[in-house]
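Read through the structure below, which is laid out as structure tokens, and then see the notes.
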Amino acid sequence: MDELREILTGGQSFSWSEEADCFSAVLNERVYRVKKEEDFYQDSFLKAYYDLDFDYSTARAEISKKDELLKQAVENFPTLRILRQDPWITLISFILSQNNNIKRIKGLYDKLCVNYGHEVEKGYYSFPTPKELERVTISELRELKVGFRDRYIMDAIEKADILKGLEALSYDEAEKRLMSITGVGKKVASCILLFGYHRMEAFPIDVWIKKVLNTYYPGKELSYFEPYPALCQQYLFSMARFIKL
């Protein structure tokens, strides 16, 4: 299970929970349980979700050649990959992520599921759709202790249709549309485009990545990380937390 931990619970997704002998998540109207990478071949949805058709071996080999830090990152996280997630789930997840830590984001995510999603299997709840959230009030969100993000979530519910068709737009145009949602800035928009639309040119910059760039790549342009900027970013994000930068 160690090979999956950073991928499923390291900040890309907040759908997964670590149980005694597996990781579980409610996705695509069912409960999935996985212990190893091979388990993602169990159906076409999970295979696509885990991005099993992409040649990560070549990408990792190329990234390792860039510099010592990225080489160490690939060695420390040899199976790291980018999950292909639902855009709506990604939008709300990364609104919740603002000024927050992974444990607390996961807690808020689970509260939304239990309170507004529907039970798929006993004790397992789906993430609520925009329709399931359309009658939620800001006071109810405040009771869940989402903090200042309550009005951002309310606006996201109202503007959920913005998510339709973004995959057909240029990166800049898609980013611009996402940023019309209150509380969605460049960092959150880049996370949505990366994890919700698999836009591999994205390079989300949060406090961890800022520290890495300032410490190890002063003066470097982001083009340095091409042709795999998104995967480089994930390696640097995981490495920054691993070495406690």
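Take 0 as the starting number for the sequence shown in numbering that gives the first Met the number 0 and just add one per residue. The C-beta atom is built at its ideal place from N, Cα and C for all residues, glycine as well.
Quick check: the Cα distance between P226 and A58, rounded to an integer number of angstroms? For P226 and A58, the gap between their C-alpha atoms comes out near 9 Å.
What is the DSSP secondary structure of D26, counted as helix, strand or coil? Note on residue identity: the sequence assigns Leu, not Asp, to residue 26. In the three-state reduction of the DSSP assignment, L26 falls in the strand class, which pools E and B.
Quick one: what's R32 bridged to in DSSP? Paired residues: S23.
Applying the 10 Å Cβ sphere with the 16-neighbour rule, what's the burial state of R134? With fewer than 16 other Cβ atoms within 10 Å, it is exposed.
Leaving out five residues before and five after I137 in sequence, what residues of the same chain have Cβ atoms less than 8 Å from its Cβ? Listed in chain order, the non-local C-beta contacts of I137 below 8 Å within the same chain comprise D149, R150 and M153, local neighbours out to five positions each way being set aside.
As a quick exercise: from Q233, I180, Y170 and E67, pick the residue whose alpha carbon is nearest that of P203. Among Q233, I180, Y170 and E67, the Cα nearest to that of P203 is on Q233.
What separation, rounded to the nearest whole angstrom, lies between the Cα atoms of L143 and A60? Looking at the two C-alpha atoms, the distance is approximately 44 Å.
Would a C-beta distance cut-off of 8 Å place V119 and E220 closer than the cut-off? Cβ atoms of V119 and E220: not closer than 8 Å.
For S16, the three-state DSSP class (helix, strand or coil): S16 falls in the strand class under three-state DSSP.
Have a look at A229 and Y40 and give me their C-alpha separation to the nearest angstrom. The straight-line gap from Cα to Cα measures roughly 24 Å.
Could you check where the alpha helix (DSSP H) with V135 kicks off and where it finishes? No alpha helix (DSSP H) holds V135; DSSP gives it neither H nor E.
What does DSSP give as the partner residues of E166 in its beta bridges? Looking at the DSSP output, E166 shares a beta bridge with no other residue.
Would you say L132 and Y115 are within 8 Å of each other, going by their C-beta atoms? Yes, they are a contact pair.
Start and end residues, beta strand (DSSP E) containing V119: Going by DSSP, V119 is part of the beta strand (DSSP E) stretching over E118 to E120.
Same chain only: Cβ atoms within 8 Å of Y123, ignoring 5 sequence neighbours per side: Once the five neighbours on either side are set aside, the close Cβ partners of Y123 are S23, V25 and V30.
Selected residue, minimal CA-CA separation from K35, among K64, E5 and G184: Here the closest residue by C-alpha is E5.
Status (buried if at least 16 other CB within 10 Å, exposed otherwise) for R141: By the 10 Å Cβ count, R141 comes out exposed.
Check each candidate in D85, P217, F241 and F93 and name the one with the smallest Cα separation from L165. Residue D85 is the option with its Cα nearest to L165.
Going by DSSP, what residues sit across from Y124 in a beta bridge? Y124 is bridged to E118.
Enumerate in chain order the residues of its own chain whose CB-to-CB distance from K70 is below 6 Å, with the five nearest sequence positions on each side excluded. The residues are S63.
Going by beta carbon distance, what residues of the same chain come within less than 7 Å of A155, once the five residues before and after it are set aside? So the qualifying residues of the chain are L90, I91, I94 and I180.
Comparing C-alpha positions only, which one of V187, G218 and W15 sits nearest to C112? The residue with the shortest Cα to Cα distance from C112 is W15.
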